[in-house]
Structures are given as C-alpha cells and as structure tokens.
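Residue numbers (the working numbering): 53 to 625.
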Amino acid sequence: MKNQFVADILNEIADLLDIKGEIFFKTRAYRIAAQAIEVLEEDIETVVHEDRLTSISGIGEAIAKKITEIVETGRLEYLKKLKKEVPEGLLDLLEIQGLGPKKVAMLYRNLGITSIKELRNACLQGKLRDLDGFGVITEQNILRGITLLEKTSGRALLNVAFSDGNDYVEYLKNYDKIDAISIAGSLRRMKETIGDVDILASSNHPDAVMEYFTRYPDVDRVLLQGSTKTSVLLYDNLQVDLRVVKEKSFGAALQYFTGSKEHNVAMRSLAIKKGYKLNEYGLFEKETEKYVAGKTEEEIYNKLGLEYIEPELRENRGELETAKKKQLPKLVGYNGILGDFHVHSNWSDGGNSIEEIATISKNLGYTFVCITDHSQSLKIANGLSEARVDKKIKKIKELNKKMDDFKIFCGTECDIKPDGTMDYSDKILKKFDLVYGGIHTTFKMDRSTATKRIVKAMENKYVHALAHPTCRIIGRREPFDLDMEEIMDVAKETDTFLEINAFPDRLDLKDIHVKLAKERGVKVILGTDSHFIATLPFMHFGIATARRGWLEKKDILNTYSTHDIEKMLGVKQ
DNA sequence: GCCGTTTTCGGCCCGACTGTTTTCAGTCG
53 MKNQFVADIL NEIADLLDIK GEIFFKTRAY RIAAQAIEVL EEDIETVVHE
103 DRLTSISGIG EAIAKKITEI VETGRLEYLK KLKKEVPEGL LDLLEIQGLG
153 PKKVAMLYRN LGITSIKELR NACLQGKLRD LDGFGVITEQ NILRGITLLE
203 KTSGRALLNV AFSDGNDYVE YLKNYDKIDA ISIAGSLRRM KETIGDVDIL
253 ASSNHPDAVM EYFTRYPDVD RVLLQGSTKT SVLLYDNLQV DLRVVKEKSF
303 GAALQYFTGS KEHNVAMRSL AIKKGYKLNE YGLFEKETEK YVAGKTEEEI
353 YNKLGLEYIE PELRENRGEL ETAKKKQLPK LVGYNGILGD FHVHSNWSDG
403 GNSIEEIATI SKNLGYTFVC ITDHSQSLKI ANGLSEARVD KKIKKIKELN
453 KKMDDFKIFC GTECDIKPDG TMDYSDKILK KFDLVYGGIH TTFKMDRSTA
503 TKRIVKAMEN KYVHALAHPT CRIIGRREPF DLDMEEIMDV AKETDTFLEI
553 NAFPDRLDLK DIHVKLAKER GVKVILGTDS HFIATLPFMH FGIATARRGW
603 LEKKDILNTY STHDIEKMLG VKQ
C-alpha cells in the first residue's frame, strides 16, 4: 500500500472535520499525521506490522488505530461515517480560492449547496449575498475562483514557475527603491510543482514598490494590494505574491516565507524552547521582546544553534536535527555537473544531430555527453535496429577523434519489456558505453509484477542505469506502484545507477526516493531526457531534485571526470 | 488528536488582507 494513500485519507478526514466545525487543533493533528506519513521513508505497512506507528511523532493511539485499519482492510469505517454526515462534494468547494471550511459549511447548511455547479448557479442568482458574512463581492470572487480552478487545476511545473519568477525578479531589480530582493516560497526550495511564486523585497518605500510590482506587463489582475503583501495573477494563470519588509527583517522574512510550513513550525518550536520568539520580523527574546537577529538567515539559524540549512532541505525531514549536529551534507552545486547522460539524437526521435548536441553541451561547460537513443522495438520513436547501432557507434568514434577535451559516450535507452527482459540481446548491449533500461510500454501493472520487471532488468549485467524509475508524468501519469526498498536494495547489489530524470514533468526519482537512495548507498545518474537541444538546461531541475534528496557531488556519476566515468562504467579504452 | 526534564492537563505558530462589519471572522500562507 502506498504511504500516499494513507496520507490522503488522513487529509480527507481533516477536511471533513473542518467542515463539520471540529476544533482547529484536532483537524491539525490529522494533517500533521498525514505529513509524517508522506515523508516517511519506509513502507507504512512495515511500520504497522512491526507495531511502531506511535513511535512516529504526530501519530498517537487514535490515529494509529485508524491507520492500522486502513492498512489491514484497505478502508476506514470512520471515514465512511464522516462522509455520510458531510457530502463529499463539499471537499471540491474547499479548492476554490477564498472559500474555507466555515463558509463551505454555511453554504451547505443554509442553501444546501454540495457541488461547484450548484455553487456557481447560486452565485449567478445572487443567493449568497444575504447570508451572514457574505456579500455581492464575495459572490463575484467565488465565481472568479471557480473559473480559475477550472483553468489551472492547481499547480505549475517547476520550469514554468522558475522562468516566470526569475523574469519578474529581473524586472523588480530595475526599481531603485528596492534594496534587496529574492525568490522565496516553494520555488526557492525548488519543489517539483509550484502553487504560486513568492518574491520578497526590502525597501523603505513599500507602497511605491507595490505600485511598481502591479505594473508588470504580464499582470492580468491584481488580487489584493497592501503595503506588506500584494498578490497578482499573471496571464498564464500563475499567482505571484510580493512581500516587502524593512532591511533588518529581510533575513527573518526570507526564512519565514521560504518555508516549508512544516520546517517553520519546527523552527518556531525550537526558538520557543530556547527562550526566543521567531516571526517574519526577526528573532526576539521571549521575555523582553528584544531583537536578537533577523538581517540574514544565517544569523537566525546560528542563534538557534544550527548550521545554515539550504532552502532545498527545508521540508522538516530531519534537517534541523542534522543541522544541530553540524552534519548537513555539502550539497552538489548547480554548476557541479560535467555532462548529461540522457539525450536523444535524430538517430531515433530527437530533433538534433549528434554534432549539434555535442557542440551545445560543450558550450554549457560540459566535458561529456551521452547519446541514448531508443531501442529497436520502440518503432514509434524510430528505435535503432541492431545494424544501425553499429553504424552509430562508428559515427561517434569518428566524432570523438575530432574533439578536444570532450567525450561523446554512445549509450542506449533500451526498452525493458513487460517480462523484464531487454529489447537488445546481450551481444548488442555489450557494445554500448552506457545502457539505460527504461520502460515505455505496458504501464498498468500491479506492484509485485512491476517490481519484478525492473529488478530483472537491473540484474542484467550489461544494464548500467535505470531511466525514470517510476515512470510518472506529473499531472498526467501516476507513478508505478513499486516496492522502492527492494528496488534500492537490488540497485545496490547490482551496482545499478538510478536516474534522476531532470525533465520538469518527470523529475523521477523524486526527492524522497533520492534521499532513500543515498541512505541505502545507491548511486545516482542525472539526465535531461532531452529530445531537442533547447531543453539541455533542464539539468538545473535535476540538480535541484538531487539537492532536495541531500546528495553531494560524490553521490552522482555526472560529477566525475571522464576517465573515472569510463572506469566506473567499464568502458573499453 | 497529540504531546510532555517547565506539564498526563492544557497548551497547540502567527501575522496580513479582505469583506463584512462597526470591532471582527474567515482565509491564506
């Protein structure tokens, strides 16, 4: 059973209880428990069977009992009972911006509204304005919220938010009343998807800055405007928030608005334990309210007895404890990668020649690139027949002779067939510098069959690496339900590298699996899966994921010299 | 509902903005 499945149920309970009007702290307890399970690195089933649930912080007797029931029966009576009391459609209403549990409950009790469709009709008929706390403007805002929800379905991919956010910051940098500026929020943490872009600035003229902010050419609509916080919606439906603070609070605010929420809660608790109070304006002595720190993030972390924690680590996944012991990893740098292992050329379904890919790679500062075209059975992608493999190897050999200080590896992304065998014979596989095994067909498989399929591929002695291990496509295809612990163990035994596929809609392995790999001693390989040279810079997002998984240079094949890589892959000189 | 060398009961992170009010509740992050 997936941990996510259990976490989703607990979050659903929290939402339902919220609408029922339960006390805030009870519903929060369910959300905290859900989060604890989401970041859990081991299988929740194992924890249940070994009776260790209550040893997880945030899970007590009552929730442990419910989790046990979910794991053992696949369902939960309590949830069934709640759903009888609270119509399920009300959960959809919570997704609408500006609607929370109190208002949703009000709509249900007074107007019997249980779906977005009914809500829209009620708004259009002006039925909401007579309810306590509602008005004409609320009706209009709800209608807008519904339209937005239908258009966006929530979150943006990292690359979209990254380029929108950085463009916006460049625009703001031109304004002389802004003293300091930074991206904050989940974008600074480089999370795989971004709900909205947070930008933080320091200035002594906040109102003027907000005015300038709202005049950005890509702004469709100003959602709210104040002197500390202003939100706008861009034409591509991404929301951007700007906060403006005084210089001496910039570090505290940056820390606070970078999050994650869970990291901040842990930080605040730690501050309280040490006799301080931490908020977005600074770190203060609890008794005297005396300002202690806040100009930089570093001084706040240090005052609390912690090493500086990189934004990518701030997810409350053990970073505070490790920072206390001064044992945080020295994360791989964004310029620490020497080449891309996963690139398709026009020999299969890519858009560029091997020469073009090599030239651009060299311009990016790389010392190597690996061309990994598809294998023969993937006809739709013009996979290479065995005869064409020999031709391609010959071609790359010739190109390498002409290159100074740059190496083109000849690889393949060889299809792993449903039974776990490879799409090329060992005789052919042997000829490549690097063999990725990758799944491109038959995605509907149960956990044990899918795990066996991948394990069998990794056990092939000519397979060096596993491409996009869970095969997810963010927003479009669910990941394989895999026994990740077994995958990790076999990867370790067979010296198989697991890929972080850097393409923004894959980012596969994802951060928590990367961290698991590191803890299991499994090495990682980075590739963009580019089919056009324009996407080679997506490597940045793969590195971000590596950093979110606590990886250092030594954990990643791409950081080694060409000579060392050849040795590690067993390439014939 | 969870948690605890300040507590097994009484806390639980907290500030900004909006829209509704006429001092505040709800929502958001």
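Cβ coordinates follow ideal geometry from the N, Cα and C atoms, glycine included. Bear in mind that the values here come from a model prediction, so they are computed numbers and not experimental data.
Distance, residue j Cα to residue i Cα
i    : j    : result
T280 : E332 : 11 Å
K117 : T79  : 16 Å
L365 : R241 : 7 Å
V566 : K544 : 13 Å
V188 : M158 : 16 Å
V542 : R572 : 10 Å
L380 : K570 : 13 Å
N434 : F584 : 15 Å
R127 : I108 : 21 Å
H396 : I406 : 9 Å
V138 : N256 : 49 Å
G370 : D563 : 14 Å
N316 : D70  : 23 Å
V212 : V249 : 10 Å
Q625 : I448 : Only weak support exists for where Q625 lies, its pLDDT of 40 falling under 50; the value from the coordinates is given anyway. Near 14 Å, if we compare the C-alpha coordinates of I448 and Q625.
F265 : L286 : 12 Å
H615 : D401 : 29 Å
A81  : K132 : 19 Å
D557 : T580 : 11 Å
L180 : N226 : 44 Å
T611 : L559 : 19 Å
I506 : S613 : 29 Å
L518 : G490 : 6 Å
A598 : P589 : 15 Å
I468 : T546 : 16 Å
L142 : S301 : 40 Å
G73  : K313 : 23 Å
Q56  : R499 : 15 Å
G622 : Y488 : 14 Å
Residue i versus the options, residue with shortest Cα-Cα distance
i    : options                : result
L609 : T282, V576, S255       : V576
R295 : E350, S234, I352, K243 : S234
G311 : L252, E351, A517       : L252
R524 : A517, F549, N553, R505 : N553
L290 : Q277, D272, K300       : D272
G237 : N226, I230, G217, K229 : G217
V463 : I491, H426, A439       : In the sequence under discussion, the amino acid at residue 463 is Gly, which differs from the Val named in the question. Cα-wise, what sits closest to G463 is H426.
G164 : D560, I148, E140, G185 : E140
K326 : Y308, Q307, N354       : N354
E373 : L68, A304, M319, V58   : M319
V515 : K483, L276, P531       : K483
E90  : K154, K54, E102, R499  : K54
H520 : L534, N512, K513       : L534
E537 : T522, I526, E530, G527 : T522
T587 : E551, I617, S413       : S413
For residue i, the residue or residues it bridges with in DSSP
i    : result
K329 : F336
L294 : I251, T282
H426 : E465
Q277 : T282
I525 : R529
A421 : In the sequence as displayed, the identity of residue 421 is Val instead of Ala. The partner list for V421 (beta bridge, DSSP) reads D392, I460.
E314 : Beta-bridge pairing links E314 to no other residue.
Y343 : F336
A517 : Y488, F549
E604 : L383
I180 : The question names Ile, but residue 180 is Leu in the sequence shown. Bridge partners of L180: none, in fact.
Expected contact under 8 Å - CB spacing of residue i and residue j to nearest Å
i    : j    : result
L210 : F593 : 5 Å
K446 : L436 : No, K446 and L436 are not in contact; Cβ-Cβ is about 13 Å, not under 8 Å.
I84  : V123 : In fact, because the Cβ distance is near 19 Å, the residues do not count as touching under 8 Å.
L481 : C422 : In fact, because the Cβ distance is near 15 Å, the residues do not count as touching under 8 Å.
T424 : G391 : With a Cβ gap of about 12 Å, T424 and G391 do not count as contacting.
H548 : M510 : According to the sequence as given, residue 548 is Thr; it is not His. Going by Cβ atoms, the distance from T548 to M510 rounds to 4 Å, so yes, they are a contact pair.
P470 : T503 : Actually they are not in contact, since the Cβ atoms of P470 and T503 sit about 13 Å apart, beyond 8 Å.
L134 : I65  : 6 Å
S167 : D144 : 7 Å
T308 : I595 : What sits at residue 308 in the sequence shown is Tyr, not Thr. Rounded, the Cβ-Cβ distance is 26 Å, inconsistent with contact.
K329 : K338 : 5 Å
Any non-hydrogen atom of the ligand FMN closer than 7 Å to residue i Cβ
i   : result
K54 : Here there are no bound small molecules, and the ligand FMN is not part of this structure.
Any beta strand (DSSP E) of 3 or more consecutive residues that is wholly inside the region 54-112:
none
Which ranges does the alpha helix (DSSP H) cover as unbroken runs of at least 4 residues, wholly within the region 455-493, from first to last along the chain?
478-481
Going along the chain, which unbroken runs of the beta strand (DSSP E) with 3 or more residues stay wholly within the region 189-271?
232-236, 248-254
Completely contained beta strand (DSSP E) runs for the region 529-589, where each covers 3 or more residues:
549-553, 576-579
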